[in-house]
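Some notes on the structure that comes next.
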Amino acid sequence: MRPTKLTMSAFGPYKGVETIDFETINDQNIFLISGPTGAGKTTIFDAISYALYGGASGSNREHDGFRSDFANENVLTYVEMEFLFRDEHYVIKRVPKQMKKKVRGDGYTEQNSDAELWLPNGQKPITGVSNVNDKVQSMFGITYSQFKQIVMLPQGEFRKLLDSKSNEREEIFRKIFGTELYNLIQNNLNDRSRELRNKLETNNQEIMINLKHTNHGNNERVQALQNKANINQEELLEEVRFLMLDDLAERRILEDQIFRNGKKLDEINETIIKAQEIEGKIKKKKELETEVMTLKQNLETINALEQKVVLAEKALRIRPLEQHKEDAKESVNKLEHTLKQEKTALSELNSLLEEAKAKLKEAEELEPRQRELNKTIPMLNQMTAKFKVLDELMATIETLEGSFKTIDADYTELTETIQTTKTKQEDYLQQLEAFEQVDEQLIRYTNERNALYGVHERLKKLVKAHDLHSKLTFKHKKLKDTYELLLAEFKEQNQQYEASEEQFKRGQAGILAETLETGSPCPVCGSHEHPNRAEKPDTVPSEDELKQLKELVEARRSERDASYEQVHGTNIQLKEKEELINSLITELKQENELEKVGLESDEFGKIVQEQSTHYEKMLQDLHVKIEDCDKKKIKKESIKRELNDVKGLLRELEIKQKEKEQQRNKINEELKSEQTRYKQIKSDLPDKYETLQILEGEIKALTDELTALEAKREDANEIYQNLTVSVSSKQSIVQEKERNLSEARREFEKRTQTFESEIEASSFETIESYKTAMLNDEVIKTYKQDIKDYYETKRSKEDYLKQLRTELKDHQSSDIEVLKQTKTTLEDEKQTLTKQEKTIHTRIETNTGVIKSVEQLLDTKKEIDQSYSLISELATLANGKNRERLTFERYVLAAYFDEIIHAANIRLAKMTASRYVLKRIEERGKGNAQQGLDLEVLDNYTGKTRPVKTLSGGESFKASLSLALGLADIVQSYAGGISLDTIFIDEGFGSLDPESLDQAIGTLVSLEQSGRLVGVISHVSELKERINAKLLIRREQDGSSKAAFNI
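Under the numbering used here, think of the first position of the sequence shown as 19, with each following residue one higher.
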């Protein structure tokens, strides 16, 4: 991840929209953020951290407090950052929760936090805080807290990675190196081991449950094995098998006995059934004999019923004639009633006809009034047209009056606005007079500031150079003293070595002389005579001792030469600083800005500092004046623009005023014309008709009266004509009804004679005897069916009785109870046998299932046991229950950690002159806690290791920086999905001495050369000199800040 552009709006001390373009530093991959305390340097890191993860770079800052106190209430707080990730361009934007002004109305509304991530190649953006957080974390592969420990190293949190406990480092490294798989393997092995152990226990329980369910059938051997505290599964299973073989043999015997018993039962059942059939027929024969006797006794009743049916059928044939007579009588009655009603109606119609005749005469007498109304109504209708014209004129007059009022009001308003605008124009002209001299003042103050700025910059450089000169002088003296001490030690050590070397040579000659023999040649000179042999000294150093002395001399020589180089280098730096100081003094003296004083003066530093402070105050005063002039100039330009706007507005208003005046005059003339016309038409109308409503009311009343008269005459005539027709029609109906009644009476008499003649012919003595014999059809049908059923039943029973007498001729009754007792005995025997067979069958079924289940479970147990032995051992080792107390994942992480430590030590060696070496603690500690990721430090000055927490502030900074850089190196070398192309460091350099600072800067420069972007916040002046790209934070007069790169 490499940022390319950062935009902050109303964020922290930055009140407006502040954009920082990181691409302006080009190939310079290291930059310094510099500025006054509290100006907003750390806020830059906060913005980057907030854009990516939604949180500040440090733990003591909350994102709810990001909104700038200097911002305008209409400006929204947000951070937007463009960055490169794996050479692809991304844009992320976050808006924190905040109160913002309402778009409509007064007051404020809450803006919820929001986030959006634009992806490369036109992919759909990701929106929502939660979704963006997940995407960022999945892209970078590290959490917010891990980001602060390996990429963003803020104040107060720089040592966290260094000081983390073993389990905390495990969490950090797990996410970075993706070792969740190894942890998953550990857990899976544990789960698998637990699962297999549970399966074994479950399997054993199932075996025991099955064996407990064995049906022992009072088998003492099986029962005894079941009741044992520790059941021998194999032994009990074998006994169950033997028990089942015995049961199978016994079941076969019982099945044979049951079969024979069944055959006997079948035979006795067949005998009982035959005996029961004969007994049933004998009983039925007796019942039939009784029933036939009863039927014969009922014969006379049936004969009487037959005679009754014959008479009823005769009466039924005469019944239609009687019905015809009754129908004729009914017709006579109806006609008599109808004739009476029609005569009454005719009388009523005659009365109504007389009344209608009188009303018709009355209506004809109103005809003169009707003619008068027909003449008056058309005349009044002609007047309504004039009223309509008046209404149209009145509407036009009212419209014109409204338009006149509106335009007149607009004209008055324009007049007042013109007066107000003229007053505003005069006010702007007066304000411009007050700013007349501002341009001249701005030029003068700017020239003065530019002149003073050059002097002040030289004074600042002089103060800085003098301060560094003092430090170098002190350092030079200290190094020179060290050099003289090392020189003396070297001389002393060299003299000791030369003396020892001489003594060694003499000792070698003495040793050689001791080996010489007379007559033998000397290996040095070849002489066979040895008159003056060399004497061996009392103490002779060995060759190893001499070699050690020589190594000490060379070590002292190297220390002396190295010290000389330091002294010489410091001396060169002193001369360079003296030349710079003298050059600056010369420049300042030439400008008469510095009193005659030399570098050798004790008061030099004080004088230069006082001069610098004096000029700085003068520059600040001028800066205030220039800012005031800038504001006045801006105000002046604003007034000019507003004055021009006012002049243009005044011209437009005067034009509009003239147009309104013309419109007002035109409408006034039209209004007067319409009013005159209205009065003329109004004078032509009668006074009694003041309004159209009165006239229309009169017309309606007369029209209604005319309509009523016409309707009255038409109704009266229509009623008279209708009644005349109705009376004539009703007279015809009455005459017709009288003729019909005479005819109906004649028909009734005729049908009565026919009915009475038929009664006499059918042997009925009287009409009453006829009515007595009368039965309806249903009753006759019922009687006939009863007669038929009697004869059929009698014939059927006599035939069945004859058949039974024939069948029972050669059969006698049997003793059925004896047969049933024999059957009961056989059934009891069968039940006993069946119960015994069922008990044995159930035991066989149960034990067969037990044997099968136990055999399968034992096979499964063997397989599970083999797997459990292997998995259990692996789980124990992988989960840290081993001699080193290392889990599988921590073992892998320890390997990664060793590589990180190795990479960190390369930089730490440079920054500490090889004094400190970070080491992973490999020895097993106390207790049972997981280990393997703890750190210690080896101090090469003492040769001992100690905890990293014992390092001083400066040493901790260097160790933390080395560890963070080492981690980033290893992560990227594995290319495991995490690309860390950036590192940000907030403070920490102030705790370093000059030498350590040089070493730390060298480390940062090496990072720059590797292409990594390095951002540093620091007040250390040496960093400002060594780092060219600077992001300068400037505090404005109102307390807000501005940021810009200075290359």
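Built from N, CA and C at the ideal position, the CB exists for glycine as well.
Boundaries of the beta strand (DSSP E) around E100: 96 to 103. About 6 Å separates the beta carbon of Q204 from that of T905, a gap short enough to meet the 8 Å contact definition. Apart from the 5 residues on each side of it in sequence, K678 sits with its Cβ closer than 8 Å to the Cβ of I425, D428, Y429, L432 in its chain, given in chain order.
Sixteen is the threshold: when 16 or more other Cβ atoms of the shown chains lie within 10 Å of the Cβ of H484, as they do, the residue is buried. Cα atoms of M397 and I712: separation of roughly 15 Å, rounded to the nearest angstrom. Here V154 has L70 as same chain residues with Cβ atoms under 6 Å from its own Cβ, once five neighbours each way along the sequence are excluded.
Just measuring C-alpha positions, the residue of K115, K217, A133 sitting nearest L875 is K217.
The beta-carbon separation of T1000 and M19, rounded to 6 Å, stays under the 8 Å limit for a contact. Separation of the CB atoms of E507 and R574 is rounded to 6 Å, and the pair is thereby assigned contact status at 8 Å. Between L329 and I320, the alpha-carbon positions lie close to 15 Å from each other. Residue environment analysis places Q511 among the buried positions, since at least 16 neighbouring C-beta atoms fall within 10 angstroms of its C-beta. The beta carbon of Y959 sits closer than 8 Å to those of R933, all from its chain and outside the five residues before and after it, given in chain order. Contact annotation: T55 and G30 have beta-carbon atoms that are not nearer than 8 Å.
Put simply, of E645, F492, H641 the residue whose alpha carbon is nearest the alpha carbon of T588 is F492. Relative to the Cα of I652, the nearest Cα in the group T25, N245, F453, R903 belongs to F453. Straight across, the Cα-Cα distance linking K565 with R578 is about 20 Å. By the neighbour-count definition (other C-beta atoms within 10 Å, threshold 16), M929 is a buried residue. Residue state for F405 is assigned as helix, using DSSP reduced to three classes. For P143, no alpha helix (DSSP H) encloses it, and the DSSP letter there is neither H nor E. Separation of the CB atoms of S1036 and K33 is rounded to 25 Å, and the pair is thereby denied contact status at 8 Å. Within its own chain, the residues whose Cβ lies closer than 6 Å to the Cβ of K1048, once the five positions on either side in sequence are excluded, are L50, S52, N1064, listed in chain order.
For R1053, the beta-bridge partners assigned by DSSP are S1059. Residues of the same chain with a CB within less than 6 Å of the CB of G235, apart from the 5 flanking positions on each side, are R861 in chain order. Under the DSSP assignment, V955 falls in the beta strand (DSSP E) whose first and last residues are 953 to 957.
CA-to-CA, the gap between L504 and E572 works out to about 12 Å. L313 places its beta carbon 8 Å or farther from that of L822.
Annotation for M117: the continuous beta strand (DSSP E) segment containing it runs 116 to 119.
Between L951 and K937, the CB-CB gap reaches or exceeds 8 Å.
Judged by pairs of C-beta atoms under 8 Å, the stretch 342 to 354 does not touch the stretch 797 to 805, as fewer than three such pairs exist. The C-beta distance from L367 to V745 rounds to 5 Å, short enough to fall under 8 Å.
Contact annotation: V473 and Q627 have beta-carbon atoms that are not nearer than 8 Å.
DSSP lists D957 as the bridge partner or partners of Y934.
In the three-state scheme derived from DSSP, where H, G and I count as helix and E and B as strand, Y32 is classed as strand. Per the C-alpha coordinates, the member of S365, N222, G196 positioned closest to K748 is S365.
Counting along the chain, the unbroken alpha helix (DSSP H) around I834 starts and ends at 834 to 896. Selection L985, S780, Q1055 evaluated against R335 yields S780 as nearest (Cα-Cα).
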